[in-house]
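Note sheet for the following structure.
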Amino acid sequence: MKKLLPLGVIAAIVVPCFFIAMMLTITLGAISAATSGKKDQGGTPGCVPLTVVGGFANPLVGQLTSPYGPRANPFGPGVIPAGFQSEEPLIFHDGSDIAGVPEGTPYYSASAGKVLTVFGAGTIDGPGDGGNGIIIDAGNGVHIWYWHAVNGSAKVKKGDTVSAGQELAATGRSGMATGVHLHFSIQVNGKSVDPVAWMKQKGITLGQGGPTKTIENASTTNQPTAPAQAEKAGFTTKGPDAADMTLNADQMRNAGIIKAEGLKAGATNNDIKIALMVALQESRLRMLSNKGRYPESVNYPNQGDGSDNDSLNFMQQRPATGWGTVAQLMDPSYAARAFFGGQSGPNHGEPAGLLDIPNRQSLPLGEAGQRVQRSAFPFEYEKWASAATAILANLGGGTAEQCDNAKENGPGPVTNQLEARQALIEAAKKGLGGTYAWGHGEFKNWDCSGYVKWVYSQAGITLPRTEQWSVGSETNDPSPGDLVVQNPDGDNHWAHVGIYAGDGMMYSALNPAEGTLLHPVDWNPGSKYFVLIKG
Numbered sequence: 014m015k016k017l018l019p020l021g022v023i024a025a026i027v028v029p030c031f032f033i034a035m036m037l038t039i040t041l042g043a044i045s046a047a048t049s050g051k052k053d054q055g056g057t058p059g060c061v062p063l064t065v066v067g068g069f070a071n072p073l074v075g076q077l078t079s080p081y082g083p084r085a086n087p088f089g090p091g092v093i094p095a096g097f098q099s100e101e102p103l104i105f106h107d108g109s110d111i112a113g114v115p116e117g118t119p120y121y122s123a124s125a126g127k128v129l130t131v132f133g134a135g136t137i138d139g140p141g142d143g144g145n146g147i148i149i150d151a152g153n154g155v156h157i158w159y160w161h162a163v164n165g166s167a168k169v170k171k172g173d174t175v176s177a178g179q180e181l182a183a184t185g186r187s188g189m190a191t192g193v194h195l196h197f198s199i200q201v202n203g204k205s206v207d208p209v210a211w212m213k214q215k216g217i218t219l220g221q222g223g224p225t226k227t228i229e230n231a232s233t234t235n236q237p238t239a240p241a242q243a244e245k246a247g248f249t250t251k252g253p254d255a256a257d258m259t260l261n262a263d264q265m266r267n268a269g270i271i272k273a274e275g276l277k278a279g280a281t282n283n284d285i286k287i288a289l290m291v292a293l294q295e296s297r298l299r300m301l302s303n304k305g306r307y308p309e310s311v312n313y314p315n316q317g318d319g320s321d322n323d324s325l326n327f328m329q330q331r332p333a334t335g336w337g338t339v340a341q342l343m344d345p346s347y348a349a350r351a352f353f354g355g356q357s358g359p360n361h362g363e364p365a366g367l368l369d370i371p372n373r374q375s376l377p378l379g380e381a382g383q384r385v386q387r388s389a390f391p392f393e394y395e396k397w398a399s400a401a402t403a404i405l406a407n408l409g410g411g412t413a414e415q416c417d418n419a420k421e422n423g424p425g426p427v428t429n430q431l432e433a434r435q436a437l438i439e440a441a442k443k444g445l446g447g448t449y450a451w452g453h454g455e456f457k458n459w460d461c462s463g464y465v466k467w468v469y470s471q472a473g474i475t476l477p478r479t480e481q482w483s484v485g486s487e488t489n490d491p492s493p494g495d496l497v498v499q500n501p502d503g504d505n506h507w508a509h510v511g512i513y514a515g516d517g518m519m520y521s522a523l524n525p526a527e528g529t530l531l532h533p534v535d536w537n538p539g540s541k542y543f544v545l546i547k548g
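If you read the sequence shown in the working numbering, its first letter stands for residue 14, the second for the next number, and so on.
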């Protein structure tokens, strides 16, 4: 058994847990709770979170395209399509379009309210010029309109009461639309207002999670091809150390190639994100030659020379282990195809690409990448999740997956509390022996809040990255699986968190010396308990 540190030493070491975690990169578009008092909406790996603040929500994460106000007729000057009486409604846009997402991406209610009508759902209201749509009475004379949904995708009906963040329908191009997008419009006392400004007053940045780009012609609202977009400029985001990290045009072009080849191979958004995480760790998204082992590799286009064994390119693939020839591996498109593998992959499973990994979608993202790379540093990929999410969003606006909004704003109801609690305890046990690492959240390489977030994710429950008590309710009668908070360092704020195991014991990533273990609750002072599982 490891020698345990005295209580005073343990407390002194544990205190910085949240201080460091709160300085981490927040997923693109998330809102920090550290100074504003708002709940941290840090997203889970693999998705860009919708934001809910003060009873209002982002309807869709993507690119803001055609804005509110005067614009060019998207169908061409003077063109008046069937269903329009004049060109006037075409040259003044009464809402904002959110695009850059695949057809069928869910969109959500921006507010609570009552459904006034659902177009295109078999009702007597008919389809309308906007195609399939929904109008919600948000109260106080505010009506919010959502247009162009996929046929038959409505999740609500006329007369329903909805809450902010509730799924409404799927993004499409029905009606008078020239591309897949959500037309989002707000009417106040019968007059349209700028939805970006109106939502900003409610604490919401519309479309938050993807870059904002004004596109005059609606016909250009489809996702741009990533390589072409990436060639124009670099991109700055946050690295694992929370410092700014700028990728130049070559690096972003490589990211675009990875995305494009992934889509061709049938990869999911998470698969593409994993590939970006791997390339960031292996090469910082640079095509690297290897002059020492393969002198001929410098004759191919590259962004530097590497020296790691006999590895090449942005994935650091090795000819000696069957990934391909030097000429093949110095081709970025081939390198990406080899990493993804699958039925269209060049290596036919030997070595296995990401799409060849059984049950990859149930694995943590970093672990899935490790199954392909077999790196001597298996825990290093996960730290790039936030940067990869931001890059993916930059390449195509909404290409990063939409999160389950109910989960991102606190645990949603579970069907069986006992099973959920059992799943939490089993997951907590799997993490025993893990390393304590400030600012990390990858499997067995985490800080206290990273461990808690991972454990809950294994039970299908998504928590904020920090301040996890903010989405729970305090209790004096804890049950196994409830959150334990300790070491108070401010009003309603604690420096350490863990998971209650029962009988006065808890699981936590305690400190760098002890790592992740089962220990008595009373090792740390000021303990309180919060219930995060809702029935």
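Ideal Cβ placement from N, Cα and C applies to all residues, glycine included.
Exercise. Contact between the stretch 312-326 and the stretch 433-443: three or more CB pairs below 8 Å?
Worked result: The stretch 312-326, when compared against the stretch 433-443, does not touch it at the 8 Å Cβ threshold.
Exercise. Considering only C-alpha positions, which residue in the set 390, 497 and 182 is nearest to residue 294?
Worked result: Comparing alpha-carbon positions, the option among 390, 497 and 182 lying closest to residue 294 turns out to be 390.
For this session: Determine the contact status of residue 261 and residue 300, defining contact as a CB-CB distance below 7 Å.
Result: Not closer than 7 Å, so no.
Exercise. In or out: residue 445 buried (at least 16 other Cβ within 10 Å) or exposed?
Worked result: Label assigned to residue 445: exposed.
For this session: Measure from the alpha carbon of residue 192 to the alpha carbon of each residue in 502, 161 and 167, then state which is nearest.
Result: Nearest C-alpha to residue 192 among 502, 161 and 167: 161.
Problem set entry | the stretch 452-460 contacting the stretch 392-404, beta-carbon criterion three pairs below 8 Å | The stretch 452-460 is in contact with the stretch 392-404.
Problem set entry | residue 173 (DSSP reduced to helix, strand or coil) | Coil at residue 173, not helix or strand.
Exercise. By Cβ distance below 7 Å, which residues in the same chain neighbour residue 328 in space, the five residues on each side in sequence not counted?
Worked result: Closer than 7 Å at Cβ, skipping near neighbours: 291, 292, 295, 348 and 352.
Exercise. In whole angstroms, what separates the C-alpha of residue 402 from that of residue 546?
Worked result: Taking the straight line joining both Cα atoms gives about 28 Å.
Exercise. For residue 203, which option in 196, 194 and 154 has the closest C-alpha, if you only look at C-alpha atoms?
Worked result: Closest by C-alpha distance to residue 203, out of 196, 194 and 154, is 154.
For this session: Give the DSSP-derived three-state secondary structure of residue 516 in the structure shown.
Result: In this structure, DSSP gives residue 516 a state outside helix and strand, which the three-state scheme calls coil.
Problem set entry | residue 431 classed as buried or exposed, judged by whether at least 16 other C-beta atoms fall within 10 angstroms | By the 10 Å Cβ count, residue 431 comes out exposed.
Exercise. Would you report the Cα separation of residue 324 and residue 485, rounded to the nearest angstrom?
Worked result: Linking residue 324 to residue 485 through their CA atoms gives a straight-line distance of about 48 Å.
Exercise. From what residue to what residue does the alpha helix (DSSP H) around residue 287 run?
Worked result: Segment 282-296, the alpha helix (DSSP H) holding residue 287.
Problem set entry | Secondary structure of residue 396, DSSP reduced to three states | In the displayed model, residue 396 falls within a helix according to three-state DSSP.
For this session: Please check the pair residue 511 and residue 497, which I expect to be a contact at CB under 8 Å, by giving their CB distance rounded to whole angstroms.
Result: With a contact defined as Cβ atoms closer than 8 Å, residue 511 and residue 497 qualify at about 5 Å.
Problem set entry | Length of the line joining the Cα atoms of residue 302 and residue 342 | Rounded to whole angstroms, residue 302 to residue 342 spans 9 Å at the Cα level.
Exercise. Who are the Cβ neighbours of residue 179 in its own chain at under 7 Å, not counting the five residues just before and after it?
Worked result: 121 and 122, listed in sequence order.
Problem set entry | Sequence-distant residues of its chain with Cβ nearer than 8 Å to residue 93 (five each side left out) | Here the set comprises 99, 100 and 103.
Problem set entry | the stretch 252-267 contacting the stretch 352-372, beta-carbon criterion three pairs below 8 Å | By the Cβ rule, the stretch 252-267 does not count as touching the stretch 352-372, because fewer than three pairs are nearer than 8 Å.
For this session: From the DSSP output, in three-state form, read off residue 168 for me.
Result: DSSP, reduced to helix, strand and coil, places residue 168 outside both helices and strands of the structure shown, so it counts as coil.
Exercise. Taking just the CA atoms, how far does residue 369 sit from residue 362?
Worked result: When rounded, the distance between both Cα atoms is 6 Å.
Exercise. Along the chain, where does the alpha helix (DSSP H) that runs through residue 465 open and close?
Worked result: Residue range 461-471 is occupied by the alpha helix (DSSP H) that includes residue 465.
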